[in-house]
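All remarks here apply to the structure that follows.
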Amino acid sequence: MCSDYHRLIAPLHRGPCVPPTELVRDAVFRFTRQCQIVAGAVIPPINATEVVATACASVRAFPVPLPEDLTPCCVALLAAVGRRIEKCRTVSSAITEQSLGGTDAELRRAFGILLLHYSDAAISLSKISLVFGISEARLSTWYRTAGYRFSEYLSALRVLTAAAKLTETSAAISHVAITAGYHHGGELDRDFAKLLHISPRRFRAAHAMIISNSDFTPKWPFHSTPIMQVPCSA
């Protein structure tokens, strides 16, 4: 019979029950691989659709439940992804002005607008639909072609930005929330609880463990290579 642990983590694994260690390994492998896919997606030339979709997938792949001993590694990796997304936005300020060819030009422009403006608390599906002169329903369908709903992309991108800010600064969590596009800290708490099953405060504390311990270098769990250097084929 499956234990409660197996039952909780079952959505991350298909097939018969296996030892918890293998389930954790499988989940963390997938999470790390997905984060590396994001790292490849942010290399110019930027395809906004790919960047946003893979970023969302990396957040949704965050291992849940997450054993205490693996928390610092996974926190460090998610924060690194957040920093790469932020850098991608910085060097791609003209992304929505690109001359794009092919049938997916408008789709990529829609994702470009989302990528550039997700940290604006006023951004919404209705406002973007006005830019294109189409209905919200049609625009929603465009976004869903890459795998997720508009609201899921928005939450994931904001969580990634918050993750980066939480580990880069000592700013109050409420300030981090506003910087990431939330109206207040409560909204950030909600998304962290829903997507990562960890509070922003605990997320920051887990990363601080790495900083305070000079002998600790985040490694890919179950692997000797630094977490951002493991080949995607691993």
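In this note's numbering, the protein residues as written are 154 to 387.
A virtual CB, placed ideally from N, CA and C, is assigned to each residue, including glycine.
With DSSP collapsed to three states, give me the class of residue i.
i, result
"L219", "coil"
"H337", "coil"
"D396", "Since the first residue shown for the chain is 154 and the last is 387, residue 396 is missing from the structure and cannot be characterised."
"E250", "Only weak support is given to the placement of E250: the predicted model assigns it a pLDDT of 44, under 50, and the question is left unresolved by the model."
"R302", "coil"
"T294", "helix"
"M362", "helix"
"S308", "helix"
"T185", "helix"
"A192", "helix"
"A325", "coil"
"G286", "coil"
"A210", "helix"
"I351", "coil"
"D257", "coil"
"I331", "helix"
"P225", "helix"
"I238", "helix"
"I281", "helix"
"I266", "helix"
Which residues in the same chain have their Cβ closer than 7 Å to the Cβ of residue i, if we skip the five residues on either side of it in sequence?
i, result
"R359", "Here residue 359 turns out to be Ala, not Arg, going by the sequence shown. These residues qualify, in order along the chain: T224, P225, V228."
"G338", "I326, S327, A330"
"E340", "A330"
"L292", "A263, L278, I281, S282, F285"
"R242", "L268, L269"
"V217", "H350"
"E239", "T314, A317"
"R354", "I326"
"C385", "Any reading at C385 must be qualified, since the residue scores a pLDDT of 36, below 50, and its modelled position is unreliable; no value is offered."
For residue i, which residues in the same chain have their Cβ closer than 6 Å to its Cβ, ignoring the five residues on either side in sequence?
i, result
"V312", "V212, D344, L348"
"T320", "A232, H360"
"A194", "E203, V204, T207"
Could you give the C-beta distance for residue i and residue j, rounded to a whole number, given that I count them as a contact under 8 Å?
i, j, result
"G235", "A316", "4 Å"
"L268", "A201", "5 Å"
"E289", "S279", "6 Å"
"A214", "F184", "4 Å"
"T322", "S272", "Not confirmed; about 15 Å, so no contact."
Select from the options the residue whose C-alpha is nearest the C-alpha of residue i.
i, options, result
"H472", "R302, L307, S288", "Outside the modelled stretch of the chain, which goes from 154 to 387, sits residue 472, for which no answer is possible."
"Q189", "P198, C209, T174", "C209"
"V204", "S327, G265, M362", "G265"
"A309", "G286, G334, T322, E321", "G334"
"G300", "D222, T207, R355, I238", "T207"
"W295", "D257, D222, Q187", "D257"
"A275", "L260, D222, H336", "H336"
"M362", "A324, D222, L260", "D222"
"P197", "A180, R237, T174, I287", "R237"
Within the same chain, show all residues whose beta-carbon is closer than 8 Å to that of residue i, passing over the 5 residues directly before and after it, in chain order.
i, result
"S252", "In this prediction, S252 has a pLDDT of 44, which is less than 50 and means its spatial position is unreliable; what the coordinates show is noted afterwards. Answer for S252: no residue qualifies."
"L219", "C227, H350, I351"
"A324", "K318, T332"
Does residue i have its Cβ less than 9 Å from a Cβ in chain C?
i, result
"A316", "This model lacks chain C altogether; it includes just one protein chain."
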